[in-house]
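Residue numbers (this note's numbering): -9 to 531.
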(Lines of atoms letter the chains of each structure in order from A and count residues from 1; the text may use other names and numbers.)
(Lines give C-alpha, C1' and ligand atoms only; values in the text may rest on other atoms or scores of the structure.)
Protein backbone atom coordinates (compact mmCIF):
# COMPACT_ATOMS: atom_id res chain seq x y z
CA UNK A 1 0.00 0.00 0.00
CA UNK A 2 1.33 3.30 -1.05
CA UNK A 3 1.08 6.30 1.10
CA UNK A 4 0.35 9.61 -0.53
CA UNK A 5 2.42 12.55 0.72
CA UNK A 6 0.34 15.12 2.36
CA UNK A 7 0.08 18.46 0.60
CA UNK A 8 1.17 20.23 3.73
CA UNK A 9 4.57 18.47 3.67
CA UNK A 10 5.28 19.41 0.02
CA UNK A 11 4.19 22.91 0.72
CA UNK A 12 6.70 23.25 3.54
CA UNK A 13 9.55 22.20 1.19
CA UNK A 14 8.92 25.10 -1.23
CA UNK A 15 10.83 28.33 -0.55
CA UNK A 16 9.02 31.47 -1.32
CA UNK A 17 11.14 34.24 -2.90
CA UNK A 18 11.91 37.14 -0.58
CA UNK A 19 10.46 40.45 -1.50
CA UNK A 20 13.03 43.27 -1.09
CA UNK A 21 11.80 46.40 0.46
CA UNK A 22 12.56 49.74 -1.12
CA UNK A 23 14.54 50.86 1.95
CA UNK A 24 17.01 47.93 1.95
CA UNK A 25 19.58 47.90 -0.97
CA UNK A 26 20.93 44.63 -2.24
CA UNK A 27 24.17 43.33 -0.68
CA UNK A 28 25.96 43.38 -4.06
CA UNK A 29 24.96 46.96 -4.71
CA UNK A 30 26.11 47.95 -1.22
CA UNK A 31 29.56 46.34 -1.83
CA UNK A 32 29.95 48.22 -5.10
CA UNK A 33 29.22 51.48 -3.34
CA UNK A 34 31.86 50.71 -0.66
CA UNK A 35 34.49 50.03 -3.34
CA UNK A 36 33.68 53.31 -5.08
CA UNK A 37 33.95 55.18 -1.80
CA UNK A 38 37.31 53.60 -1.10
CA UNK A 39 38.59 54.45 -4.56
CA UNK A 40 37.40 58.00 -4.19
CA UNK A 41 38.99 58.29 -0.76
CA UNK A 42 42.29 56.81 -1.94
CA UNK A 43 42.30 59.03 -5.01
CA UNK A 44 41.66 62.08 -2.88
CA UNK A 45 44.44 61.16 -0.47
CA UNK A 46 46.81 60.42 -3.36
CA UNK A 47 46.08 63.75 -5.02
CA UNK A 48 46.52 65.50 -1.68
CA UNK A 49 49.86 63.88 -1.06
CA UNK A 50 50.97 64.54 -4.62
CA UNK A 51 50.15 68.19 -4.21
CA UNK A 52 52.31 68.25 -1.08
CA UNK A 53 55.00 65.76 -2.09
CA UNK A 54 55.68 67.17 -5.53
CA UNK A 55 56.83 70.57 -4.29
CA UNK A 56 58.77 68.83 -1.52
CA UNK A 57 60.43 66.58 -4.06
CA UNK A 58 61.29 69.54 -6.22
CA UNK A 59 62.65 71.35 -3.16
CA UNK A 60 64.66 68.28 -2.22
CA UNK A 61 66.13 68.04 -5.69
CA UNK A 62 66.89 71.74 -5.83
CA UNK A 63 68.08 72.08 -2.26
CA UNK A 64 71.44 70.41 -2.81
CA UNK A 65 72.01 72.61 -5.82
CA UNK A 66 71.02 75.73 -3.91
CA UNK A 67 73.38 74.92 -1.05
CA UNK A 68 76.13 74.07 -3.51
CA UNK A 69 75.62 77.40 -5.25
CA UNK A 70 75.82 79.25 -1.94
CA UNK A 71 79.05 77.52 -1.00
CA UNK A 72 80.42 78.04 -4.50
CA UNK A 73 79.86 81.78 -4.28
CA UNK A 74 81.26 81.94 -0.76
CA UNK A 75 84.69 80.50 -1.51
CA UNK A 76 85.47 82.68 -4.53
CA UNK A 77 88.22 85.28 -4.12
CA UNK A 78 86.44 88.39 -5.37
CA UNK A 79 87.67 91.94 -4.98
CA UNK A 80 86.25 93.45 -1.81
CA UNK A 81 84.79 90.18 -0.56
CA UNK A 82 85.38 88.68 2.84
CA UNK A 83 87.21 85.85 1.10
CA UNK A 84 89.73 88.15 -0.50
CA UNK A 85 90.21 90.22 2.65
CA UNK A 86 90.87 87.10 4.68
CA UNK A 87 93.16 85.62 2.03
CA UNK A 88 95.47 88.62 1.82
CA UNK A 89 95.74 89.04 5.61
CA UNK A 90 99.11 88.23 7.14
CA UNK A 91 99.17 84.65 8.39
CA UNK A 92 99.71 83.86 12.04
CA UNK A 93 103.08 82.34 13.01
CA UNK A 94 103.14 78.63 12.34
CA UNK A 95 105.31 75.84 13.66
CA UNK A 96 108.01 73.94 11.79
CA UNK A 97 110.10 71.15 13.35
CA UNK A 98 113.09 69.40 11.82
CA UNK A 99 115.06 66.32 12.84
CA UNK A 100 118.57 65.72 11.48
CA UNK A 101 120.40 62.44 10.84
CA UNK A 102 123.90 62.54 12.30
CA UNK A 103 126.51 60.24 10.75
CA UNK A 104 128.52 58.70 13.59
CA UNK A 105 131.02 56.65 11.54
CA UNK A 106 132.20 58.71 8.52
CA UNK A 107 135.67 57.10 8.41
CA UNK A 108 134.20 53.62 8.42
CA UNK A 109 131.81 54.56 5.60
CA UNK A 110 134.78 55.73 3.51
CA UNK A 111 136.35 52.37 4.27
CA UNK A 112 133.31 50.63 2.77
CA UNK A 113 131.18 49.99 5.84
CA UNK A 114 127.50 50.72 6.28
CA UNK A 115 126.54 54.20 7.57
CA UNK A 116 125.37 54.47 11.17
CA UNK A 117 122.88 57.27 11.80
CA UNK A 118 121.45 58.83 14.95
CA UNK A 119 118.62 61.33 15.13
CA UNK A 120 119.10 64.77 16.72
CA UNK A 121 116.39 67.33 17.26
CA UNK A 122 113.76 68.53 16.98
CA UNK A 123 114.75 72.10 16.16
CA UNK A 124 111.60 74.20 16.08
CA UNK A 125 111.02 77.45 14.22
CA UNK A 126 108.05 79.78 13.92
CA UNK A 127 107.29 81.12 10.48
CA UNK A 128 105.39 84.23 9.46
CA UNK A 129 104.28 84.68 5.86
CA UNK A 130 103.21 87.91 4.19
CA UNK A 131 101.78 88.47 0.74
CA UNK A 132 103.15 91.51 -1.05
CA UNK A 133 102.50 93.31 -4.34
CA UNK A 134 99.02 91.79 -4.59
CA UNK A 135 97.32 92.70 -7.84
CA UNK A 136 94.43 91.54 -10.00
CA UNK A 137 95.19 90.11 -13.39
CA UNK A 138 93.73 87.86 -16.07
CA UNK A 139 95.24 84.82 -17.76
CA UNK A 140 93.51 83.72 -20.96
CA UNK A 141 90.25 85.24 -19.71
CA UNK A 142 90.51 83.72 -16.24
CA UNK A 143 90.35 86.27 -13.38
CA UNK A 144 93.46 85.70 -11.28
CA UNK A 145 95.53 87.14 -8.44
CA UNK A 146 99.26 87.83 -8.61
CA UNK A 147 101.44 88.22 -5.53
CA UNK A 148 104.89 87.86 -4.02
CA UNK A 149 105.60 86.17 -0.72
CA UNK A 150 108.00 86.94 2.10
CA UNK A 151 108.77 84.41 4.85
CA UNK A 152 110.43 85.01 8.21
CA UNK A 153 111.66 82.23 10.52
CA UNK A 154 112.22 82.60 14.26
CA UNK A 155 113.87 79.91 16.38
CA UNK A 156 112.01 78.65 19.46
CA UNK A 157 114.52 77.47 22.10
CA UNK A 158 111.81 76.25 24.49
CA UNK A 159 110.27 73.74 22.08
CA UNK A 160 113.65 72.67 20.69
CA UNK A 161 115.84 69.98 22.19
CA UNK A 162 119.14 71.78 21.59
CA UNK A 163 120.89 74.94 20.42
CA UNK A 164 121.37 74.90 16.62
CA UNK A 165 124.31 77.31 16.82
CA UNK A 166 126.18 75.10 19.27
CA UNK A 167 125.09 71.60 18.27
CA UNK A 168 127.18 69.90 15.59
CA UNK A 169 126.21 67.44 12.87
CA UNK A 170 128.24 65.24 10.55
CA UNK A 171 126.61 64.67 7.18
CA UNK A 172 127.24 64.78 3.45
CA UNK A 173 129.30 67.64 2.01
CA UNK A 174 126.77 69.05 -0.45
CA UNK A 175 129.15 71.31 -2.47
CA UNK A 176 131.65 68.57 -3.31
CA UNK A 177 128.81 66.13 -4.08
CA UNK A 178 127.25 68.74 -6.38
CA UNK A 179 130.51 69.10 -8.30
CA UNK A 180 130.92 65.32 -8.40
CA UNK A 181 127.38 64.78 -9.72
CA UNK A 182 127.84 67.47 -12.39
CA UNK A 183 131.11 65.88 -13.43
CA UNK A 184 129.44 62.47 -13.72
CA UNK A 185 126.75 64.04 -15.92
CA UNK A 186 129.32 65.56 -18.27
CA UNK A 187 128.95 69.17 -17.21
CA UNK A 188 130.40 71.38 -14.51
CA UNK A 189 134.12 71.93 -13.79
CA UNK A 190 136.69 70.07 -15.85
CA UNK A 191 138.98 67.47 -14.33
CA UNK A 192 141.80 70.05 -14.22
CA UNK A 193 139.59 72.51 -12.37
CA UNK A 194 138.59 69.81 -9.90
CA UNK A 195 142.23 69.02 -9.21
CA UNK A 196 142.94 72.70 -8.59
CA UNK A 197 139.97 72.97 -6.20
CA UNK A 198 141.11 69.86 -4.37
CA UNK A 199 144.62 71.26 -4.03
CA UNK A 200 143.52 74.54 -2.45
CA UNK A 201 140.52 73.44 -0.37
CA UNK A 202 141.19 69.78 0.59
CA UNK A 203 137.48 68.84 0.39
CA UNK A 204 135.97 65.73 1.96
CA UNK A 205 132.83 63.73 1.22
CA UNK A 206 131.53 64.30 4.74
CA UNK A 207 131.61 67.54 6.69
CA UNK A 208 131.05 68.67 10.27
CA UNK A 209 128.94 71.80 10.63
CA UNK A 210 126.73 73.51 13.16
CA UNK A 211 123.07 72.58 12.90
CA UNK A 212 122.27 76.21 12.13
CA UNK A 213 124.76 76.33 9.26
CA UNK A 214 123.79 72.94 7.89
CA UNK A 215 120.14 73.96 7.78
CA UNK A 216 120.22 77.62 6.83
CA UNK A 217 123.52 77.98 5.03
CA UNK A 218 127.29 78.21 5.56
CA UNK A 219 130.17 79.50 3.44
CA UNK A 220 132.07 76.73 1.74
CA UNK A 221 135.70 76.99 0.60
CA UNK A 222 135.14 74.71 -2.38
CA UNK A 223 132.27 76.84 -3.66
CA UNK A 224 134.21 80.04 -3.02
CA UNK A 225 137.08 78.83 -5.20
CA UNK A 226 134.73 77.57 -7.89
CA UNK A 227 132.84 80.85 -7.91
CA UNK A 228 136.07 82.86 -8.01
CA UNK A 229 137.31 81.18 -11.19
CA UNK A 230 134.04 79.98 -12.75
CA UNK A 231 131.16 82.22 -11.60
CA UNK A 232 128.92 80.98 -14.42
CA UNK A 233 129.25 77.41 -13.14
CA UNK A 234 129.20 78.14 -9.40
CA UNK A 235 127.02 81.25 -8.88
CA UNK A 236 126.79 80.83 -5.07
CA UNK A 237 129.32 80.40 -2.27
CA UNK A 238 126.87 79.43 0.48
CA UNK A 239 125.08 76.14 0.82
CA UNK A 240 122.52 74.75 3.24
CA UNK A 241 119.82 72.16 3.32
CA UNK A 242 117.18 74.91 3.54
CA UNK A 243 119.13 77.95 2.40
CA UNK A 244 117.76 81.14 0.85
CA UNK A 245 114.34 81.55 2.41
CA UNK A 246 114.36 83.69 5.53
CA UNK A 247 113.32 87.28 4.82
CA UNK A 248 113.42 86.65 1.07
CA UNK A 249 110.93 87.25 -1.71
CA UNK A 250 109.46 84.39 -3.72
CA UNK A 251 107.34 84.45 -6.81
CA UNK A 252 105.52 86.00 -8.42
CA UNK A 253 102.71 83.48 -8.14
CA UNK A 254 99.46 83.74 -10.06
CA UNK A 255 96.48 81.73 -8.78
CA UNK A 256 92.94 81.28 -10.04
CA UNK A 257 90.50 83.46 -8.11
CA UNK A 258 87.69 80.97 -8.68
CA UNK A 259 85.35 83.65 -10.07
CA UNK A 260 84.70 81.71 -13.28
CA UNK A 261 84.78 78.32 -11.58
CA UNK A 262 84.96 78.03 -7.80
CA UNK A 263 86.39 74.51 -8.10
CA UNK A 264 89.62 76.09 -9.33
CA UNK A 265 89.97 78.54 -6.43
CA UNK A 266 93.60 78.64 -5.35
CA UNK A 267 94.92 76.65 -8.30
CA UNK A 268 98.26 77.75 -9.68
CA UNK A 269 98.18 79.29 -13.15
CA UNK A 270 101.73 80.62 -13.49
CA UNK A 271 104.89 80.66 -11.40
CA UNK A 272 107.48 83.35 -12.12
CA UNK A 273 105.57 84.34 -15.24
CA UNK A 274 105.42 80.90 -16.84
CA UNK A 275 102.66 78.33 -17.16
CA UNK A 276 105.20 75.53 -17.35
CA UNK A 277 108.62 74.60 -16.03
CA UNK A 278 111.84 73.84 -17.87
CA UNK A 279 113.15 71.13 -15.59
CA UNK A 280 111.77 67.80 -16.77
CA UNK A 281 112.28 65.86 -19.97
CA UNK A 282 108.65 65.95 -21.14
CA UNK A 283 106.12 68.71 -21.77
CA UNK A 284 103.53 66.92 -19.65
CA UNK A 285 105.85 66.77 -16.65
CA UNK A 286 106.68 70.48 -16.96
CA UNK A 287 103.01 71.56 -16.83
CA UNK A 288 101.92 73.45 -13.70
CA UNK A 289 98.62 72.15 -12.32
CA UNK A 290 97.05 71.58 -8.92
CA UNK A 291 95.93 73.72 -6.01
CA UNK A 292 98.12 75.48 -3.48
CA UNK A 293 97.66 72.65 -0.97
CA UNK A 294 95.69 74.33 1.79
CA UNK A 295 92.44 74.23 -0.13
CA UNK A 296 91.47 71.30 -2.35
CA UNK A 297 88.95 71.29 -5.17
CA UNK A 298 85.57 71.12 -3.44
CA UNK A 299 82.80 68.48 -3.48
CA UNK A 300 85.08 65.60 -2.54
CA UNK A 301 83.59 62.11 -2.71
CA UNK A 302 85.13 58.86 -1.51
CA UNK A 303 87.63 57.49 -4.05
CA UNK A 304 88.05 60.97 -5.56
CA UNK A 305 91.55 62.28 -6.20
CA UNK A 306 92.91 65.79 -5.75
CA UNK A 307 96.20 67.28 -6.90
CA UNK A 308 98.49 69.65 -5.03
CA UNK A 309 101.34 71.38 -6.85
CA UNK A 310 104.40 71.41 -4.61
CA UNK A 311 107.07 73.88 -5.68
CA UNK A 312 109.72 72.13 -3.61
CA UNK A 313 109.21 69.07 -5.81
CA UNK A 314 108.46 71.10 -8.95
CA UNK A 315 105.60 68.71 -9.61
CA UNK A 316 102.14 67.80 -8.26
CA UNK A 317 101.31 65.07 -5.80
CA UNK A 318 98.03 63.17 -5.77
CA UNK A 319 95.83 62.60 -2.72
CA UNK A 320 93.02 60.04 -2.62
CA UNK A 321 89.87 60.27 -0.49
CA UNK A 322 90.00 56.96 1.34
CA UNK A 323 87.43 57.15 4.13
CA UNK A 324 85.07 59.29 6.18
CA UNK A 325 86.69 60.59 9.34
CA UNK A 326 86.33 63.22 12.04
CA UNK A 327 88.95 65.68 13.28
CA UNK A 328 90.23 65.15 16.81
CA UNK A 329 89.45 68.71 17.88
CA UNK A 330 85.74 68.53 16.95
CA UNK A 331 84.29 65.10 16.26
CA UNK A 332 80.86 66.34 15.13
CA UNK A 333 82.34 67.62 11.87
CA UNK A 334 82.40 64.96 9.18
CA UNK A 335 85.39 65.12 6.86
CA UNK A 336 87.13 62.96 4.28
CA UNK A 337 90.60 61.59 4.86
CA UNK A 338 93.01 62.19 1.98
CA UNK A 339 96.05 59.94 1.75
CA UNK A 340 99.10 60.25 -0.45
CA UNK A 341 98.81 58.21 -3.65
CA UNK A 342 102.20 56.59 -4.11
CA UNK A 343 101.09 54.73 -7.25
CA UNK A 344 99.83 57.72 -9.24
CA UNK A 345 103.09 58.11 -11.13
CA UNK A 346 102.61 55.36 -13.68
CA UNK A 347 106.09 55.84 -15.11
CA UNK A 348 108.94 57.13 -13.01
CA UNK A 349 110.53 58.44 -16.24
CA UNK A 350 107.75 61.05 -16.35
CA UNK A 351 109.76 63.23 -13.98
CA UNK A 352 113.26 62.63 -15.22
CA UNK A 353 115.29 65.87 -15.06
CA UNK A 354 116.94 67.49 -18.06
CA UNK A 355 120.01 68.21 -15.94
CA UNK A 356 120.80 65.08 -14.00
CA UNK A 357 122.37 65.30 -10.53
CA UNK A 358 122.23 61.60 -9.76
CA UNK A 359 120.43 58.74 -11.51
CA UNK A 360 118.74 59.65 -14.84
CA UNK A 361 115.38 58.88 -13.24
CA UNK A 362 114.85 58.51 -9.48
CA UNK A 363 113.50 55.20 -8.14
CA UNK A 364 109.90 54.87 -7.07
CA UNK A 365 109.07 56.97 -4.04
CA UNK A 366 111.89 59.47 -4.63
CA UNK A 367 111.66 62.98 -6.04
CA UNK A 368 114.67 64.68 -7.61
CA UNK A 369 114.60 68.20 -6.12
CA UNK A 370 118.12 69.25 -7.09
CA UNK A 371 117.03 71.64 -9.84
CA UNK A 372 114.16 72.95 -7.72
CA UNK A 373 116.45 73.86 -4.83
CA UNK A 374 119.53 75.10 -6.74
CA UNK A 375 118.88 75.31 -10.50
CA UNK A 376 121.96 75.26 -12.71
CA UNK A 377 124.76 73.06 -13.96
CA UNK A 378 126.09 72.39 -10.46
CA UNK A 379 123.28 71.34 -8.10
CA UNK A 380 123.44 69.22 -4.94
CA UNK A 381 122.02 65.73 -5.66
CA UNK A 382 119.16 66.10 -3.17
CA UNK A 383 116.13 63.81 -3.25
CA UNK A 384 112.91 63.87 -1.25
CA UNK A 385 110.77 60.91 -0.29
CA UNK A 386 107.18 61.16 0.93
CA UNK A 387 106.89 60.22 3.65
CA UNK A 388 109.73 57.70 3.91
CA UNK A 389 111.73 55.27 1.81
CA UNK A 390 109.44 53.44 -0.59
CA UNK A 391 112.09 51.13 -2.08
CA UNK A 392 112.44 48.31 0.45
CA UNK A 393 116.07 47.39 -0.34
CA UNK A 394 117.04 51.03 0.19
CA UNK A 395 114.69 51.33 3.16
CA UNK A 396 116.41 48.45 4.91
CA UNK A 397 119.83 50.03 4.41
CA UNK A 398 119.15 52.70 7.04
CA UNK A 399 116.95 51.49 9.86
CA UNK A 400 117.05 54.45 12.23
CA UNK A 401 113.76 53.51 13.90
CA UNK A 402 110.83 51.25 13.22
CA UNK A 403 108.24 52.66 10.84
CA UNK A 404 105.04 53.82 12.54
CA UNK A 405 102.24 53.41 10.00
CA UNK A 406 100.06 55.96 11.79
CA UNK A 407 102.64 58.57 12.67
CA UNK A 408 104.57 58.34 9.41
CA UNK A 409 101.55 58.49 7.12
CA UNK A 410 101.04 61.54 4.91
CA UNK A 411 97.36 62.45 5.19
CA UNK A 412 94.95 65.38 5.21
CA UNK A 413 91.43 65.81 6.55
CA UNK A 414 89.29 68.03 4.36
CA UNK A 415 85.72 69.28 4.67
CA UNK A 416 84.22 67.79 1.49
CA UNK A 417 81.78 70.58 0.57
CA UNK A 418 84.34 73.39 0.59
CA UNK A 419 87.60 71.48 0.20
CA UNK A 420 89.05 73.31 3.21
CA UNK A 421 91.78 71.30 4.94
CA UNK A 422 90.98 71.15 8.67
CA UNK A 423 93.74 68.80 9.77
CA UNK A 424 96.98 67.67 8.15
CA UNK A 425 99.83 65.33 8.94
CA UNK A 426 102.70 65.94 6.55
CA UNK A 427 105.92 63.96 6.49
CA UNK A 428 108.99 64.62 4.35
CA UNK A 429 112.38 62.92 4.27
CA UNK A 430 115.32 64.66 2.55
CA UNK A 431 118.20 62.53 1.25
CA UNK A 432 121.42 63.05 -0.68
CA UNK A 433 122.60 60.75 -3.46
CA UNK A 434 126.24 59.67 -3.11
CA UNK A 435 127.98 58.12 -6.12
CA UNK A 436 131.66 57.77 -7.02
CA UNK A 437 133.17 60.11 -9.58
CA UNK A 438 136.04 58.89 -11.80
CA UNK A 439 137.84 62.21 -11.27
CA UNK A 440 137.47 62.14 -7.47
CA UNK A 441 138.20 58.54 -6.55
CA UNK A 442 140.62 59.61 -3.84
CA UNK A 443 137.78 61.39 -2.02
CA UNK A 444 135.32 58.51 -2.23
CA UNK A 445 137.97 55.97 -1.23
CA UNK A 446 136.19 52.61 -0.76
CA UNK A 447 132.62 53.79 -1.30
CA UNK A 448 131.67 51.59 -4.23
CA UNK A 449 127.88 51.40 -4.41
CA UNK A 450 125.59 54.43 -4.85
CA UNK A 451 123.49 55.27 -1.81
CA UNK A 452 120.70 57.62 -0.71
CA UNK A 453 121.86 58.99 2.63
CA UNK A 454 119.09 60.47 4.83
CA UNK A 455 119.83 64.01 6.01
CA UNK A 456 116.65 65.46 7.53
CA UNK A 457 113.13 64.50 8.54
CA UNK A 458 110.31 67.05 8.69
CA UNK A 459 107.11 66.62 10.66
CA UNK A 460 104.15 68.92 10.20
CA UNK A 461 100.91 68.38 12.13
CA UNK A 462 98.09 70.85 11.64
CA UNK A 463 94.92 70.74 13.72
CA UNK A 464 92.15 73.30 13.71
CA UNK A 465 90.89 74.45 17.09
CA UNK A 466 87.57 73.08 18.35
CA UNK A 467 86.08 76.59 18.19
CA UNK A 468 87.00 77.07 14.54
CA UNK A 469 85.82 73.63 13.52
CA UNK A 470 82.53 74.12 15.34
CA UNK A 471 81.99 77.36 13.43
CA UNK A 472 82.68 75.56 10.18
CA UNK A 473 80.25 72.81 11.18
CA UNK A 474 77.55 75.34 12.03
CA UNK A 475 78.17 77.28 8.85
CA UNK A 476 77.70 74.27 6.62
CA UNK A 477 75.37 71.83 8.32
CA UNK A 478 72.98 74.01 10.27
CA UNK A 479 72.37 76.11 7.19
CA UNK A 480 72.00 72.94 5.20
CA UNK A 481 69.36 71.51 7.54
CA UNK A 482 67.44 74.68 8.35
CA UNK A 483 67.24 76.12 4.83
CA UNK A 484 68.70 79.39 6.06
CA UNK A 485 69.53 80.44 2.54
CA UNK A 486 68.08 83.91 2.32
CA UNK A 487 71.21 85.59 3.63
CA UNK A 488 74.55 84.38 4.88
CA UNK A 489 75.71 84.86 8.43
CA UNK A 490 78.84 87.07 8.46
CA UNK A 491 80.76 84.65 10.68
CA UNK A 492 79.82 81.82 8.34
CA UNK A 493 80.97 83.84 5.38
CA UNK A 494 84.37 84.53 6.87
CA UNK A 495 84.81 80.84 7.53
CA UNK A 496 83.83 79.74 4.07
CA UNK A 497 86.14 82.36 2.66
CA UNK A 498 89.18 81.19 4.56
CA UNK A 499 92.26 82.02 2.50
CA UNK A 500 94.28 79.40 0.66
CA UNK A 501 97.94 78.91 1.41
CA UNK A 502 100.45 81.32 -0.05
CA UNK A 503 101.85 78.63 -2.29
CA UNK A 504 102.61 74.98 -2.32
CA UNK A 505 105.81 75.68 -0.43
CA UNK A 506 103.59 76.56 2.52
CA UNK A 507 101.20 73.73 2.05
CA UNK A 508 99.10 74.37 5.10
CA UNK A 509 99.71 77.84 6.50
CA UNK A 510 96.45 79.06 8.04
CA UNK A 511 95.08 82.49 8.82
CA UNK A 512 94.90 83.34 12.52
CA UNK A 513 91.19 84.16 12.28
CA UNK A 514 90.27 80.67 11.22
CA UNK A 515 92.65 78.01 12.39
CA UNK A 516 95.78 77.48 14.42
CA UNK A 517 98.46 75.59 12.55
CA UNK A 518 102.00 74.42 12.20
CA UNK A 519 104.18 75.13 9.24
CA UNK A 520 104.61 72.83 6.32
CA UNK A 521 108.07 71.51 5.60
CA UNK A 522 107.79 72.30 1.91
CA UNK A 523 110.12 75.32 1.92
CA UNK A 524 112.60 74.80 -0.85
CA UNK A 525 114.89 77.66 0.15
CA UNK A 526 115.32 78.77 3.73
CA UNK A 527 118.06 80.30 5.83
CA UNK A 528 118.34 81.50 9.37
CA UNK A 529 117.30 84.97 10.37
CA UNK A 530 120.57 85.39 12.22
CA UNK A 531 122.46 84.66 9.02
CA UNK A 532 120.70 87.38 7.05
CA UNK A 533 120.97 90.49 9.16
CA UNK A 534 121.56 92.74 6.17
CA UNK A 535 117.98 92.25 5.08
CA UNK A 536 119.02 91.18 1.60
CA UNK A 537 116.34 89.60 -0.55
CA UNK A 538 116.50 86.89 -3.14
CA UNK A 539 113.80 85.96 -5.61
CA UNK A 540 113.24 82.24 -5.85
CA UNK A 541 110.57 79.77 -6.73
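Every residue gets a Cβ at the ideal spot worked out from N, C-alpha and C, and that includes glycine. Note that the structure is predicted; figures quoted are calculated from it, not measured.
What distance in whole Å lies between the Cβ atoms of residue j and residue i, which are believed to be in contact at a cut-off of 8 Å?
| i | j | result |
| --- | --- | --- |
| residue 68 | residue 259 | About 17 Å separates the two Cβ atoms, so there is no contact after all. |
| residue 403 | residue 411 | 7 Å |
| residue 287 | residue 207 | Their Cβ separation, rounded to whole angstroms, is 37 Å, which puts residue 287 and residue 207 out of contact at 8 Å. |
| residue 61 | residue 407 | 6 Å |
| residue 95 | residue 105 | 7 Å |
| residue 446 | residue 231 | 6 Å |
| residue 111 | residue 90 | 6 Å |
Are the Cβ atoms of residue i and residue j separated by less than 7 Å?
| i | j | result |
| --- | --- | --- |
| residue 556 | residue 369 | Outside the shown range of the chain (-9 to 531) lies residue 556, about which nothing can therefore be said. |
| residue 333 | residue 310 | no |
| residue 124 | residue 78 | yes |
| residue 344 | residue 271 | yes |
| residue 139 | residue 66 | no |
| residue 555 | residue 359 | Given that the chain is displayed from residue -9 to residue 531, the structure contains no residue 555 and the question cannot be resolved. |
| residue 453 | residue 325 | no |
| residue 422 | residue 443 | yes |
| residue 191 | residue 167 | no |
| residue 322 | residue 313 | no |
| residue 171 | residue 371 | yes |
| residue 229 | residue 165 | yes |
| residue 244 | residue 136 | yes |
| residue 433 | residue 195 | yes |
| residue 160 | residue 93 | yes |
| residue 152 | residue 436 | no |
| residue 308 | residue 295 | yes |
| residue 329 | residue 265 | no |
| residue 115 | residue 145 | yes |
Please report the residue range of the alpha helix (DSSP H) in which residue i lies.
| i | result |
| --- | --- |
| residue 447 | Note, residue 447: premise wrong, no alpha helix (DSSP H); beta strand (DSSP E) at 441 to 453. |
| residue 561 | Not covered by the structure: residue 561. The range shown for the chain is -9 to 531. |
| residue 291 | Counting along the chain, residue 291 falls outside any alpha helix (DSSP H), and DSSP gives it neither H nor E. |
| residue 358 | Element bounds for residue 358: not the alpha helix (DSSP H) but the beta strand (DSSP E), 356 to 358. |
| residue 431 | 431 to 434 |
Who are the near neighbours of residue i in its chain, counting only those whose CB is closer than 7 Å to its CB and skipping five residues on each side?
| i | result |
| --- | --- |
| residue 449 | 87 and 417 |
| residue 177 | 367 |
| residue 128 | 134 |
| residue 456 | 319 and 320 |
| residue 277 | 266 |
| residue 316 | 323, 324 and 325 |
With a threshold of 6 Å, establish whether the CB of residue i neighbours any heavy atom of the ligand ZN.
| i | result |
| --- | --- |
| residue 104 | In the structure on display, the ligand ZN does not appear, and there are no ligands present to speak of. |
Between residue i and the rest of its own chain, which residues show a CB-CB distance below 6 Å, the 5 nearest in sequence each way excluded?
| i | result |
| --- | --- |
| residue 154 | 113, 201 and 202 |
| residue 197 | 163 |
| residue 428 | none |
| residue 133 | 247 and 249 |
| residue 466 | 407 |
| residue 425 | 440 |
| residue 252 | 62, 65 and 66 |
| residue 242 | 136 and 138 |
| residue 118 | 83 and 142 |
Once the 5 residues before and after residue i are set aside, which same chain residues still bring their CB inside 8 Å of it?
| i | result |
| --- | --- |
| residue 279 | 257, 258, 297, 299 and 306 |
| residue 130 | none |
| residue 184 | 169, 173, 429 and 430 |
| residue 341 | 270, 275, 305, 335, 351, 352, 357 and 358 |
| residue 318 | 413 and 453 |
| residue 217 | 224, 225, 226 and 227 |
| residue 193 | 163, 165, 166, 187, 211, 212 and 433 |
| residue 108 | 91, 92, 94 and 390 |
| residue 220 | 179 and 183 |
| residue 175 | 345, 346 and 347 |
| residue 289 | 58, 253, 406, 407 and 409 |
| residue 149 | 85, 87, 112 and 114 |
Go to residue i, then tell me how far its beta strand (DSSP E) extends in each direction, as first and last residue.
| i | result |
| --- | --- |
| residue 169 | Residue 169 -> not in any beta strand (DSSP E); alpha helix (DSSP H) instead, spanning 164 to 174. |
| residue 279 | Counting along the chain, residue 279 falls outside any beta strand (DSSP E), and DSSP gives it neither H nor E. |
| residue 297 | 295 to 300 |
| residue 417 | 411 to 424 |
| residue 373 | 372 to 375 |
| residue 177 | Where residue 177 is concerned, there is no enclosing beta strand (DSSP E), given that its DSSP letter is neither H nor E. |
| residue 397 | Here residue 397 belongs to no beta strand (DSSP E), and DSSP marks it neither H nor E. |
| residue 402 | 401 to 404 |
**OP:** Could you name each continuous alpha helix (DSSP H) segment of 4 residues or more that falls completely within the region 89 to 159, going from the start of the chain to the end?
**Re:** 96 to 100
Subject >> Runs of alpha helix (DSSP H) wholly within the region 190 to 277 (minimum 4 residues, chain order) >> reply: 201 to 206, 211 to 219 and 273 to 276
**OP:** Jot down the residue ranges of each uninterrupted beta strand (DSSP E) in the region 305 to 329, minimum 3 residues, whole runs only, in chain order.
**Re:** 305 to 315
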